[in-house]
Every structure is written in C-alpha cells, then in structure tokens.
Amino acid sequence: MPLIYHVDGRSLHFGRPEFSLIIGFRFGKFVRPQLYSSGDIKFKARVFPKKQGEKLSNLDLLGVLEDEELFGNLSDEDAVRVCLLLVLEVVFMGRLLAEQVDDKLLRLVEDLEA
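Under the UniProt record's numbering, think of the first position of the sequence shown as 1, with each following residue one higher.
And the structure:
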C-alpha cells in the first residue's frame with residue numbers, strides 16, 4: 001500500500017519501487033548478466049536486418065529514430081526498445097554517437113520486464 005502525499009495540488013505516490021530505489025534494494029526480477037552474454041539478438045534481427053554480423057552504433061539507433069517511415073513501421077515495443085537503448089547509451093552512460101552498442105544490452109532490451 002503506497003504512501004500518498006499531496007504537494008501543491010498534486011498527488012505523489014510512494015510505494016515499494018520508490019522505497020527500494022531510495023534505499024538501494026532491488027525491486028522486481030533479478031537480472032543475471034551472464035544470461036545476456038551470448039545467444040541470438042532477436043531485436044537486432046528485427047530492426048536492423050541488414051546489420052547482421054556487424055556491430056551497431058548509437059548512430060544506427062539515432063538513424064532509426066530520425067527515419068519517420070522506418071520508425072513508424074516498428075512495433076510499439078521495438079520503438080520503445082530503440083529509445084531506451086539510445087537514452088541509456090548517450091544520456092545515462094555518456095557515450096558518443098559513433099561508439100558501438102554492447103551486444104549484452106541488445107539482448108537485455110529484448111526483455112522489457114528485466
């Protein structure tokens with residue numbers, strides 16, 4: 001049961017996920033990195049079929065985002081995956097656009113619940 005605070009006319013919900021984030025506990029499914037270190041990259045095969053056998057760069061992700069036709073043809077889940085990867089790589093991790101995306105992240109993004 002979340003705690004609900006009313007601040008400046010807005011309701012702020014403070015539940016288990018927020019509590020876990022603040023105190024550093026894990027919340028949700030435990031993700032084992034070794035599970036994502038090998039295997040097929042289904043996301044890459046669907047979104048970047050011409051890049052099989054090649055490494056993806058952040059520019060490739062940005063290219064999908066900027067190509068309205070390609071981005072519009074993606075499923076909603078794959079569109080979210082592209083955006084999540086780009087934000088993770090460029091914003092949160094501070095990588096350059098020309099840098100390659102780690103294959104582990106491409107495997108991990110397949111499971112949006114992880």
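Quick reminder that beta carbons are idealized off the backbone N, C-alpha and C, glycines included.
- With fewer than 16 other beta carbons inside 10 angstroms of its own, Val7 counts as exposed.
- In the DSSP assignment, Leu74 falls outside any alpha helix (DSSP H) and carries neither an H nor an E.
- Pairing Phe48 with Asp60 gives a Cβ-Cβ distance under 8 Å.
- Taking the Cα positions, Leu65 is about 33 Å away from Ser11.
- In the DSSP assignment, Arg10 falls within the beta strand (DSSP E) that extends over 10-14.
- Residue pairing by DSSP puts Val7 in a beta bridge opposite Arg10.
- DSSP places Lys104 in the uninterrupted alpha helix (DSSP H) bounded by 103-108.
- Under the DSSP definition of a beta bridge, Gln100 partners with Ser57.
- A residue is called buried when at least 16 other Cβ atoms come within 10 angstroms of its Cβ; Asn73 does not meet this threshold and is exposed.
- Contact annotation: the region 84-102 does not touch the region 14-22, with fewer than three C-beta pairs closer than 8 Å.
- The residue among Glu77, Leu56, Arg95, Leu97 with its C-alpha nearest the C-alpha of Asp111 is Glu77.
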